[in-house]
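In my numbering, the protein residues as written are 73 to 158.
Here's the structure we're looking at; comments come further down.
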Amino acid sequence: MAISLLLLGMPTNTFAHPHIFVDAKFEAVAAPDGSLQELRDTWQFDEVFSSSVLLDYDKNRNNALDPAEVAAVAKTVRESLAQYNY
Numbered sequence: 073m074a075i076s077l078l079l080l081g082m083p084t085n086t087f088a089h090p091h092i093f094v095d096a097k098f099e100a101v102a103a104p105d106g107s108l109q110e111l112r113d114t115w116q117f118d119e120v121f122s123s124s125v126l127l128d129y130d131k132n133r134n135n136a137l138d139p140a141e142v143a144a145v146a147k148t149v150r151e152s153l154a155q156y157n158y
């Protein structure tokens, strides 16, 4: 299991839409007893794509995504991924 976790934690290339650049980070967190406690998956998108999301979903135009706006983004992402059986 240790080798599997080590391999999962190694940086890899992530392929995305050719106009979207993503820095992806995956972490496996161990509990004090050595068992797997948590998986963390973080994606950081480029400024251009992030700005377009803000323009499309920031309905109150405060230059921040409020919880309801984040929920709308998440809904769109889930529906989009479902089209690809992901």
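We treat Cβ as the ideally placed atom computed from N, Cα and C, and that holds for glycine.
Kindly indicate which residue of the options has the alpha-carbon position closest to the one of residue i.
i      : options                   : result
Leu108 : Glu99, Leu153 and Thr114  : Glu99
Ser122 : Ala103, Val145 and Asn157 : Val145
Rounded to the nearest angstrom, how far is the Cβ of residue i from that of residue j, given a contact under 8 Å?
i     : j      : result
Lys97 : Thr114 : 5 Å
Give me whichever residues DSSP pairs with residue i in a beta bridge.
i      : result
Arg112 : Glu99
Val142 : Val142 pairs with nothing; no bridge assigned.
Would residue i and residue j be called neighbours here (beta carbons separated by less than 8 Å)?
i      : j      : result
Asn134 : Leu126 : no
Tyr129 : Glu119 : no
Suppose the cutoff is 6 Å on Cβ atoms and the five residues either side in sequence are ignored; what does the same chain contact list for residue i look like?
i     : result
Asp95 : Gln116
His91 : none
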